[in-house]
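Visitor: Pasting a structure below so you can have a look.
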Amino acid sequence: MSKTIVSLMNVEKWYGDNHVVKNMNVNIAEGEFLTLLGPSGCGKTTTLRMISGFELPTMGMIKVQGESVEKKEPYQRDVNTVFQNYALFPNMNVFDNVAYGLKVKKVPKDEIKERVLHMLKLVQLEGFEKRRITQMSGGQKQRVAIARALINRPKVLLLDEPLGALDLKLRKQMQIELKRLQKKLGITFVYVTHDQEEALTMSDRIAIINQGVLEQIDTPINIYQHPKTKFVAGFIGESNILDAIVLEDHDHKAVIGMEVGRGTVEDPDDSLAVNDPVSVSVRPENMLFSETPIEGFNLKGVVKEHIYVGNIIKMMITLNDGTEIKVNRFRSEDLADIGKMVYLYWELDKGVVIKEKHLVNTDAVRDIEGGVADDEDE
Ligand SMILES: Nc1ncnc2c1ncn2[C@@H]1O[C@H](COP(=O)(O)OP(=O)(O)O)[C@@H](O)[C@H]1O
Ligand SMILES: [Mg+2]
28 MSKTIVSLMN VEKWYGDNHV VKNMNVNIAE GEFLTLLGPS GCGKTTTLRM
78 ISGFELPTMG MIKVQGESVE KKEPYQRDVN TVFQNYALFP NMNVFDNVAY
128 GLKVKKVPKD EIKERVLHML KLVQLEGFEK RRITQMSGGQ KQRVAIARAL
178 INRPKVLLLD EPLGALDLKL RKQMQIELKR LQKKLGITFV YVTHDQEEAL
228 TMSDRIAIIN QGVLEQIDTP INIYQHPKTK FVAGFIGESN ILDAIVLEDH
278 DHKAVIGMEV GRGTVEDPDD SLAVNDPVSV SVRPENMLFS ETPIEGFNLK
328 GVVKEHIYVG NIIKMMITLN DGTEIKVNRF RSEDLADIGK MVYLYWELDK
378 GVVIKEKHLV NTDAVRDIEG GVADDEDE
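If you're matching positions, the sequence shown starts at 28 in my numbering and goes up one per residue.
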């Protein structure tokens, strides 16, 4: 287990009556690349600014290297920030921008020169020392900003959507470069983005934030394969999410009822009970279909559309209540024709159970069983 370098303990932030960060608890490990991911306005920047010291938590505590930073100014924290708009000095050349932090600290000239040249090499800007900032492209400015933030060798680098202004191709290239740089230097990165693909590409762990609440923190693969909430399942990658209640539960399996049919999921630790509200999340690539009914399932739908998206083909299937189910395949031979009725199902381990309370019309679910609700009504 690696050491914790930053911890947020019961951190809350209010702006007036706007509760923007809610009981946030995170331990960030030394050398980790942690990404805060969530939609615009969910509290990512605010969380980052509390770590850097530009904002104070309304309640709770933040520790850097085991010490509370409550009374420390931003410059006293062993933390530096790369801002989205770069915040470079436009009237200085590249060398002076990067050297700035060292000059302020009165580091000897020779050492400054050596460290700046070394840093410029690391961010692949060798030979650009004398260039004016105004003569640099967006990607180059971004590299200068990173070099400037790293020159003081902070223990933790905070990056707030640093690639947001770059075009897609450059952004993808910078994602890989930044990740390599981070691993090489061994500096802890806390990275903010609203782009799930970026988070999946770069992070050791991803913290998913929704309306100020940390919904899940885990490795990219675990987040993708085992989302704990509907929000996470829907935000990371694509998913088909169906609300249901547990109708039967035995032999480590549960039959779940939706308003439009039934399905089966695993219950390895017998944690489900009859009548529990659950949702099942099935990735489009894991949604299977058949011309004949499959045991344990009776979800019927009609194929409405085939959509070609680069190397995959999406098939849209509509259930009786209008719910759209997405199915992804690589080959057109693997699709069903438009207008065809199919039975949907999934491999049991590909139906991820989400134990999050939701409202489901229990009577409607019972109805499709042709049992309980009907009998009582008559
Ligand atoms: N200085 C501020 N004063 C008042 N409200 C703010 C301030 N900064 C952010 N907010 C509000 O806090 C919420 C979270 O903002 P922010 O942390 O910037 O979100 P994100 O970075 O995830 O897009 C938003 O509702 C935003 O309007
Ligand atoms: Mg932000």
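For every residue, glycine included, the Cβ atom is placed at its ideal position computed from N, Cα and C.
#1: What first and last residue would you give for the alpha helix (DSSP H) that runs through Asp123?
#2: Would you call the CB atoms of Ile235 and Ile268 closer than 9 Å?
#3: Around the Cβ of Asn477, are there at least 16 other Cβ atoms within 10 angstroms (buried) or fewer (exposed)?
#4: Do Asn45 and ligand 1 come close, with the Cβ less than 8 Å from some heavy atom?
#5: From Val219 to Leu184, what does the alpha carbon distance come to, in whole angstroms?
#6: Within 8 Å: the Cβ of Ser67 and any heavy atom of ligand 1?
#7: Can we count Val336 as close to ligand 2, meaning its CB is less than 8 Å from some heavy atom?
#8: Count the other CB atoms, across all protein chains shown, that sit within 10 Å of the CB of Arg358; report buried if there are 16 or more and exposed otherwise.
#9: Just the C-alpha distance for Leu341 and Ser79, rounded to the nearest angstrom, thanks.
#10: In angstroms, rounded to a whole number, what distance separates the CA positions of Gly284 and Gly239?
#11: Please report the residue range of the beta strand (DSSP E) in which Gly87 lies.
#12: Write down the C-beta distance between Val38 and Pro101 rounded to the nearest angstrom, noting that I regard them as a contact closer than 8 Å.
#13: To the nearest angstrom, how far is it from the Cα of Asp287 to the Cα of Ile344?
#14: Just to confirm the assignment: which complete beta strand (DSSP E) runs, minimum length 3, are found wholly within the region 105 to 191?
#15: Out of Thr73, Ile352 and Glu275, point me to the one whose CA is closest to Val47's CA.
#16: For Ile89, verify whether its CB is less than 8 Å away from any heavy atom of ligand 1.
#17: Which residues in the same chain have their Cβ closer than 6 Å to the Cβ of Ile214, if we skip the five residues on either side of it in sequence?
#18: Skipping 5 residues on each side, what residues in its chain have a beta carbon closer than 6 Å to that of Leu11?
#19: Mind checking whether the beta-carbon of Val48 lies closer than 8 Å to any heavy atom of ligand 2?
#20: Within 10 angstroms of the Cβ of Lys168, are there 16 or more other Cβ atoms? Answer buried if so, exposed if not.
#21: Who pairs with Ser34 in a beta bridge, going by DSSP?
#22: At a cut-off of 8 Å, would you count Asp187 as near ligand 2, judging by its Cβ distance to the nearest heavy atom?
#23: Are the region 91 to 108 and the region 145 to 163 touching by the rule of at least three beta carbon pairs closer than 8 Å?
#24: Determine the direct distance from the alpha carbon of Leu63 to that of Leu227, and round the result to whole angstroms.
#25: Quick test of the definition: if touching needs 3 or more C-beta pairs under 8 Å, does the region 120 to 139 touch the region 203 to 211?
#26: For the beta strand (DSSP E) that Gln252 lies in, which residues bound it at each end?
#27: Taking 8 Å as the cut-off, is the C-beta of Val259 nearer than that to any heavy atom in ligand 1?
#28: Within the present structure, is the beta-carbon of Lys40 separated from the nearest heavy atom of ligand 2 by less than 8 Å?
#29: Does the Cβ of Asn237 have 16 or more other Cβ atoms within 10 Å, making it buried, or fewer, making it exposed?
#30: So, at 8 Å on beta carbons, what are the nonlocal neighbours of Gln151 in its own chain, with the 5 sequence-adjacent residues on each side left out?
#31: Restricting to runs no shorter than 3 residues, where is the beta strand (DSSP E) found entirely within the region 265 to 339?
#32: Would you check if the region 140 to 151 and the region 172 to 187 touch, i.e. whether three or more CB-CB distances between them fall below 8 Å?
#33: Here's the rule: buried if 16 or more other CB atoms are within 10 angstroms of the residue's CB, otherwise exposed. What is Asn107?
Guide: So, from the data block:
#1: Val121 to Val131
#2: no
#3: Outside the modelled stretch of the chain, which goes from 28 to 405, sits residue 477, for which no answer is possible.
#4: yes
#5: 11 Å
#6: yes
#7: no
#8: exposed
#9: Residue identity check: residue 341 is Lys in the sequence provided, not Leu. Answer to the nearest angstrom: the Cα atoms are 43 Å apart.
#10: 32 Å
#11: Met86 to Val91
#12: Wrong, their Cβ atoms sit about 17 Å apart, outside the cutoff.
#13: Per the sequence shown, residue 287 should be read as Val rather than Asp. Straight-line Cα distance between these residues: approximately 13 Å.
#14: 106 to 109 and 183 to 187
#15: Thr73
#16: no
#17: Leu184
#18: Residue 11 lies beyond the residue range present for the chain, which begins at 28 and ends at 405; the question has no answer from this structure.
#19: no
#20: buried
#21: Asn54 and Lys90
#22: yes
#23: no
#24: 11 Å
#25: no
#26: Not the beta strand (DSSP E): Gln252 falls in the alpha helix (DSSP H), residues Pro247 to Gln252.
#27: no
#28: no
#29: buried
#30: Arg170 and Glu204
#31: 267 to 277, 280 to 285, 288 to 293, 304 to 309, 315 to 317 and 326 to 336
#32: yes
#33: buried
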